[in-house]
Structures are given as structure tokens and as C-alpha cells.
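Only one structure is covered here, and it is reproduced in the block below.
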């Protein structure tokens, strides 16, 4: 990477707005080979920062939001002075003896584990890593459960592509700062504990506020359905162990299942296969300024529980979850026969698991399971609403209830015959790439060939 650019983007991302942006830089991982040089430049850059009254043009950093925030940040800096190595702490400017001013500081940690929670202010934490530990670094970040923004600086395309593919973060920034997302250019929203659903300012956002009006088709009651919680845990940790096939293989399997299923459900399956090919084959390009490339990609949620009494609906739900790349728990009286349809179409064990009714756990208990990333259900509105409330009451990431409601109405009432139903099984990831940092803007270089 270009050290000067890294320094500039680190200072902006960590300290602008007094570090109080939700997307601000909290932890900087530096490859050991370049860490000393980079830290010297960052330290020098910090010396130029002015903390003071934001009414003056010379001020770079103003106060934090209130005295409570200041007390928390001062306490954290005190703890860091005893547990980490101080890289740099700058002195506050004139006129800061009154007000909630916190001077920026940078500390070097031994590991990410030393941070127990987010520190919302102008404090940067630095961790060194060896070149062959890059995947382990991303895994450590993913393991925190948080995933709003992540930046990577490198002029090696394979490196940033590898990081962006592995990272579970909603907004990724390549060779640029990681704050200041713009509506329509960098749709904003995270994953996991940082996720709230579709990205604000993105092409799919408005559709989540739209419900289908009409008369729902009658659905059998699932109110008394019970399941074996041990079987669910066993399926997630043991049975669902195989890598999910690639997109084209998944689409072909779903099309083959459609042949054996027949009827209206087969139409849904064929639609899901075609829509998945269209939506998942490549990221969607987004507008942006010259020298910047912005893309919106769709990724699987993880493990989806599909619940229905009707075998054809259960097959269609499972197909939607599977074709979008998820592992699937198929739950219902006909779960085994549904899984058998996919096996007959060529799907190997380890991607779909069958759970039959019976046991002492309810749907509310299933909603509380951290092993489930989404629940697709075909049930009356009252049952779906109850399940949504149970999900909302649990700790951890927000997980959707994906209702099968061809006639509309109720929680999650997106008609299954539309692309928006399939999108509920996916999460969104935006990648914003400063193409000028890696040797030039390819779109400009191609202008001559097109004219």
C-alpha cells in the first residue's frame, strides 16, 4: 500500500468527528514488515491535529457528545496506559479546559481480545500481524460478531479480494477512508450484531417497507408444532458440514427438483433458480465518481430453518434458502421426503438436514437458538407474528422471519413469486474501491477503445 495514503485515511477514519461516527476506525491491523514505518508516519500525522473549539477553522477535532462519554473514554485511556503500549497521545488545544474534549490517542495491543467493547471516540488501537496470518486476522474480526465497516489498503488485487470475500462486514472500503457513505453510492448497513436489514440508500431498501395486500391463502396451523432441540443442534453442528455447491450447481439441482415436484411449487422453484442466477452471478454496479468503483453484492445468511406442513411449500422454501447459498434445516412432518427430493436431484449430504416434529421445544425456543440465522415459515399470521416477537426478544443479531404468504398480509409478507422474497435469504455487502490507488482508473483507460 502507499504509506502516505494509509496515514491520511487512518487519521480521517479514526479521528474525524472526534471518532464518533459508527463507521469510524477502531482497530488498525498492520503487517509486521511495515508496522514500524507506518506507526512513525501515523504518530507524525497525529502531532498535526488540533483539538479545540469547532467554531475555529484551525480545529480538527471538537468535543465528544457529553460528559458521560468523556468519562468513559478517559477511563479507557487510563486502562490502556496500563495494559497496552502508548503510541501517541496529543495534547488538547487552548480553550478545552471547559467542555467534553477528549484528546486523540493511539495504543498498540497484543491482540484484539484486549478490547472488550466498542470505544466510541478518538482512540485508535493497533495490532500487528504476520503476512501469513491474514486469514486468521479476518477470522478474529468475524468472531467478534460485529461487522459494520472494514477497510483494507493494498495495491495487490488478490489481497483485497481475499479480504472482502472472507470478511463478514456490510461495508468494505479499499484504498480509501471508511467513513462518509453516500446514499445510492455506498448503501450503508452492517452484518451480524451490526446489521439491521437491507442497506439504507440501496436498491432493495424501499421494498422492505412494502407489504402485499390481499386475502392470504389458508394455511394449516403450526401453533402446536414441537421439535427436538437436541436434533436441531446436532444437525447444525454435525449434519450440516459440507460446503454449499456453487451457484450454477445449486440452480441445476433446484431445476431438477422442480421436475419431480410438479404443480405450482415447480413454478416457484424454476423462478428461484433463474432469479438466483441473475442476482448472484456478479455484484451489482453502483454509481460513483470517476476513480471509484462501487458494487453491491448479495451473500448467504448462513443456516436457515424452513418450516411448513405442506410438502410442496416446504420444498419451495428449502429451494429458496438453498439456491441462495444457505445451509437448510427442513422442519415438518414431510421433512425427510423433501430432503430426499434434493438428494435425488444430486445434492450430497451435509447441506440440507431434516427435523421431524416431536420433542419438548416450541417454535419460540427455535427462535432463541443462535445456530439459526433466519426462519422461513408457512403459517397463519398469528403464528408468524408470535415467532417474530420471539425473535425480537432474543439477544444477538437481528434475524428475519420470512413468511410464505402468496396472498399477502402479515409479518414479512413478500410474495414468494417476486425477487424480493429471495432477497430475504441474503445479506448485502457494499465494496467501495478507490481505483486510482492501484495504478489508475480502468474505465478511463478504456475510453479510447470504445470511441
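Numbering (our numbering), first residue to last: 871 to 1321. The beta-carbon is built from N, C-alpha and C at its ideal position, and this holds for glycine as well. Keep in mind it's a predicted model, so treat the numbers as computed, not measured.
Assuming residue i and residue j are in contact, meaning their beta carbons sit under 8 Å apart, how far apart are those beta carbons, in whole angstroms?
i, j, result
"residue 1146", "residue 1121", "6 Å"
"residue 1243", "residue 1160", "Their Cβ separation, rounded to whole angstroms, is 38 Å, which puts residue 1243 and residue 1160 out of contact at 8 Å."
"residue 1301", "residue 1042", "5 Å"
"residue 1070", "residue 1057", "7 Å"
"residue 1322", "residue 921", "This structure gives no information on residue 1322, because the portion of the chain shown stretches from 871 to 1321."
"residue 1112", "residue 1219", "7 Å"
"residue 994", "residue 898", "6 Å"
"residue 1030", "residue 1007", "About 14 Å; that fails the 8 Å criterion."
"residue 977", "residue 955", "7 Å"
My output table needs one value for residue i: the three-state DSSP class, helix, strand or coil.
i, result
"residue 1328", "The shown model of the chain, from 871 to 1321, leaves out residue 1328, and the question about it has no answer."
"residue 909", "helix"
"residue 892", "coil"
"residue 995", "strand"
"residue 873", "helix"
"residue 1217", "coil"
"residue 977", "strand"
"residue 884", "helix"
"residue 1019", "strand"
"residue 972", "coil"
"residue 1222", "strand"
"residue 1010", "helix"
"residue 944", "helix"
"residue 1306", "helix"
"residue 914", "helix"
"residue 985", "coil"
"residue 1183", "helix"
"residue 1239", "coil"
"residue 1294", "coil"
"residue 1212", "helix"
"residue 1263", "coil"
With burial defined as no fewer than 16 other Cβ atoms inside 10 Å of the residue's Cβ, what is the status of residue i: buried or exposed?
i, result
"residue 917", "exposed"
"residue 1053", "exposed"
"residue 1002", "exposed"
"residue 947", "buried"
"residue 967", "exposed"
"residue 1079", "exposed"
"residue 961", "exposed"
"residue 893", "buried"
"residue 926", "exposed"
"residue 930", "buried"
"residue 1257", "buried"
"residue 879", "buried"
"residue 1131", "buried"
Looking at the strands, I want to know which residues DSSP matches up with residue i.
i, result
"residue 1177", "1201 and 1247"
"residue 1167", "1299"
"residue 955", "978"
"residue 1155", "1165"
"residue 1231", "1097"
"residue 901", "999"
"residue 1272", "1246"
"residue 921", "931"
Can you tell me whether residue i sits near the ligand ATP, meaning its C-beta is under 7 Å from at least one heavy atom of the ligand?
i, result
"residue 1006", "Only the bare structure without any ligand can be found here, which leaves the ligand ATP out of the picture."
Quick one: which unbroken beta strand (DSSP E) runs of 3-plus residues sit fully inside the stretch 1024 to 1093? Chain order, please. 1041 to 1044
Any chance you could list the alpha helix (DSSP H) runs of at least 4 consecutive residues sitting entirely within the stretch 1105 to 1142, in chain order? Correct list: 1117 to 1131.
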